[in-house]
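Line by line, the protein sequences are chains V and C. Quick note on numbering: this note's numbering labels position 161 of the first sequence as 468, and the sequence is numbered without any gaps. Quick note on numbering: this note's numbering labels position 111 of the second sequence as 613, and the sequence is numbered without any gaps. Don't be surprised by glycine CBs; every beta carbon is placed ideally from N, CA and C. Okay, structure first, notes after.
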Amino acid sequence: MSDDPGRRGFLGLAAAATAGLAGVVLAPGIRLVEVAQAATPADASIGANPKVRWGMLIDTTKCASGCTDCVDACQTENGLAKPTRSTDPQWIRKVEIKEIKTGRQASVPVMCQHCAEPPCVDVCPTGASFKRADGIVLVDRHSCIGCRYCMMACPYKARSFVHEPLTGQKPDVPRGKGCVESCTLCVHRLDAGQKTTACAEACTRAGHGAIVFGDLNDPASEISRRVREVRSTQLRADLRLDPGVRYAGL
Amino acid sequence: MRHAGLILAVLALVAAVTPWSASRADTAKRGLLPAIEPAAKGERCVEDTATMRRNHMRFLEHQRDDTVHGGIRGAKHSLKGCVDCHASKTTGSVAAAKTDFCVACHSFAAVKVDCFGCHATKPAAALATTSGGKP
Numbered sequence: 308m309s310d311d312p313g314r315r316g317f318l319g320l321a322a323a324a325t326a327g328l329a330g331v332v333l334a335p336g337i338r339l340v341e342v343a344q345a346a347t348p349a350d351a352s353i354g355a356n357p358k359v360r361w362g363m364l365i366d367t368t369k370c371a372s373g374c375t376d377c378v379d380a381c382q383t384e385n386g387l388a389k390p391t392r393s394t395d396p397q398w399i400r401k402v403e404i405k406e407i408k409t410g411r412q413a414s415v416p417v418m419c420q421h422c423a424e425p426p427c428v429d430v431c432p433t434g435a436s437f438k439r440a441d442g443i444v445l446v447d448r449h450s451c452i453g454c455r456y457c458m459m460a461c462p463y464k465a466r467s468f469v470h471e472p473l474t475g476q477k478p479d480v481p482r483g484k485g486c487v488e489s490c491t492l493c494v495h496r497l498d499a500g501q502k503t504t505a506c507a508e509a510c511t512r513a514g515h516g517a518i519v520f521g522d523l524n525d526p527a528s529e530i531s532r533r534v535r536e537v538r539s540t541q542l543r544a545d546l547r548l549d550p551g552v553r554y555a556g557l
Numbered sequence: 503m504r505h506a507g508l509i510l511a512v513l514a515l516v517a518a519v520t521p522w523s524a525s526r527a528d529t530a531k532r533g534l535l536p537a538i539e540p541a542a543k544g545e546r547c548v549e550d551t552a553t554m555r556r557n558h559m560r561f562l563e564h565q566r567d568d569t570v571h572g573g574i575r576g577a578k579h580s581l582k583g584c585v586d587c588h589a590s591k592t593t594g595s596v597a598a599a600k601t602d603f604c605v606a607c608h609s610f611a612a613v614k615v616d617c618f619g620c621h622a623t624k625p626a627a628a629l630a631t632t633s634g635g636k637p
């Protein structure tokens, strides 16, 4: 069949790759991978940009106990129902923590931490759990078989399983029964060119300003400036997963 | 076979007047082929009709990987694009009733379409105006 897009796409890609390599003169000491990394992708404007590392800084001193503005915004944006049972999907959980000795309390929104070394990706048997070039960890529901191994592997309890058939999904956020899901960092918004997630937007709009979202790789971004100036930690930093979500004031 | 030519001519004549050689439109009218609702907007699909009939599943599958893994959105073979144009005027959906665009063909061909276990069957505009998003 002449119109098979898979084959045509592959051939086109192969031709483009050959043409690209032909123009590069590899001097001694210059490895191919360095050339590839230095080269700006021709289509950098579209798709996930490998130079970006999306992340969040959550200031727990500004996060009020009982406030669910971020959780509500997440549910509205992604078409999630309000959880009524402990097994219902939730992409952001508000976790109340208390230091026993001092009695100091804090309220912490915990979502997928978008690790640089995500254990969910390591254990996924089908490759459905993956990390995008811009550091967002996602589930490809087309290949997810619902084994929930990633839920076991995640130390942050960030992932949920959809047990029941769903209706009324958002066109931008397809989700359904039998798949694992978690916070996507509002990937559909970022791909559409928006610069912030629903939770960060809602938190800022409500005047709390507890969530800053941005590109950790861009030294001029607000989040980079803040993590430079304010002491922040990653949850379970001892696991060395290098999460993209950081917490200040813990 | 002296009369081969004559026999062929007679056969051709019979074929021309028998009902089973009726046109596609007639066949559809008698309920043998699915009645497909024309797209609500736009006169042209992203590919010609024959190509879409044969290859739409491959186009969708090819592009979904680019979208999910690569974050490339807005390319022309998107399921959202299908839904935007082909949502039924009556139900507002591509898969709510038997006569809706996707289901009409798929039930005829006995091919289960499981896109809509996860994907919205109504365009975003329709979901915004109506209160519920039930398919």
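Any chain C beta carbon closer than 8 Å to residue i
| i | result |
| --- | --- |
| residue 452/V | no |
| residue 551/V | no |
| residue 468/V | no |
| residue 478/V | yes |
| residue 439/V | yes |
| residue 395/V | no |
| residue 449/V | yes |
Residue burial classification, residue i (beta-carbon count within 10 angstroms, cutoff 16)
| i | result |
| --- | --- |
| residue 317/V | exposed |
| residue 482/V | buried |
| residue 366/V | buried |
| residue 407/V | exposed |
| residue 478/V | buried |
| residue 443/V | buried |
| residue 625/C | buried |
| residue 534/C | exposed |
| residue 505/C | exposed |
| residue 376/V | buried |
| residue 384/V | buried |
| residue 388/V | exposed |
| residue 432/V | exposed |
| residue 382/V | buried |
| residue 541/V | buried |
| residue 439/V | buried |
| residue 599/C | exposed |
8 Å Cβ cutoff, residue i in contact with chain V
| i | result |
| --- | --- |
| residue 582/C | yes |
| residue 613/C | no |
| residue 572/C | yes |
| residue 566/C | yes |
| residue 575/C | yes |
| residue 542/C | no |
| residue 636/C | Below a pLDDT of 50, predicted positions are generally treated as unreliable, and residue 636/C, at 42, falls in that range; the measurement from the model is reported next regardless. Answer yes: the Cβ-Cβ gap between residue 636/C and chain V drops below 8 Å somewhere. |
| residue 629/C | yes |
| residue 626/C | yes |
Distance CB(residue i)-CB(residue j) smaller than 8 Å
| i | j | result |
| --- | --- | --- |
| residue 475/V | residue 386/V | yes |
| residue 508/V | residue 380/V | yes |
| residue 597/C | residue 605/C | yes |
| residue 457/V | residue 430/V | yes |
| residue 354/V | residue 583/C | no |
| residue 585/C | residue 542/C | no |
| residue 590/C | residue 610/C | no |
| residue 594/C | residue 552/C | no |
| residue 554/V | residue 531/V | no |
| residue 579/C | residue 562/C | yes |
| residue 521/V | residue 529/V | yes |
| residue 575/C | residue 498/V | yes |
| residue 494/V | residue 396/V | no |
| residue 453/V | residue 485/V | yes |
| residue 601/C | residue 537/C | yes |
| residue 519/V | residue 533/V | yes |
| residue 620/C | residue 581/C | no |
Given 8 Å, three or more beta-carbon pairs between the segment 465-474 of chain V and the segment 484-497 of chain V: Short answer: they touch.
Validate contact between the segment 451-462 of chain V and the segment 415-432 of chain V using beta carbons, cut 8 Å, 3 pairs: Verdict: yes, contact present.
Inter-stretch contact at 8 Å, needing at least 3 Cβ pairs: the segment 518-525 of chain V / the segment 354-371 of chain V: Flag = yes, the segment 518-525 of chain V and the segment 354-371 of chain V touch.
Interface positions of the segment 482-515 of chain V facing chain C (Cβ-Cβ less than 9 Å), listed along the chain: Taking 9 Å as the Cβ-Cβ cut-off against chain C, the residues of the segment 482-515 of chain V that qualify are 482, 483, 484, 485, 486, 494, 495, 497, 498, 499.
Cβ contact check for the segment 407-423 of chain V and the segment 534-550 of chain V: 3 or more pairs under 8 Å: Judged by Cβ distances under 8 Å, the segment 407-423 of chain V makes contact with the segment 534-550 of chain V, as three or more pairs qualify.
Residues of the segment 351-383 of chain V whose Cβ lies closer than 9 Å to any Cβ of chain C, in chain order: Cβ contacts with chain C: 353, 354, 355, 356.
The segment 509-520 of chain V contacting the segment 392-412 of chain V, beta-carbon criterion three pairs below 8 Å: Contact fails: fewer than three Cβ-Cβ distances are below 8 Å.
Contact the segment 561-573 of chain C vs the segment 441-450 of chain V: 3+ CB pairs below 8 Å: Yes, since at least three Cβ pairs between the segment 561-573 of chain C and the segment 441-450 of chain V fall closer than 8 Å, the two stretches touch.
Chain V contacts from the segment 600-624 of chain C (Cβ-Cβ distance under 8 Å): So the close ones are 619, 620, 621, 622, 624.
Short-range partners of chain C found in the segment 518-533 of chain V, where Cβ spacing is below 7 Å: So nothing in the stretch comes that close.
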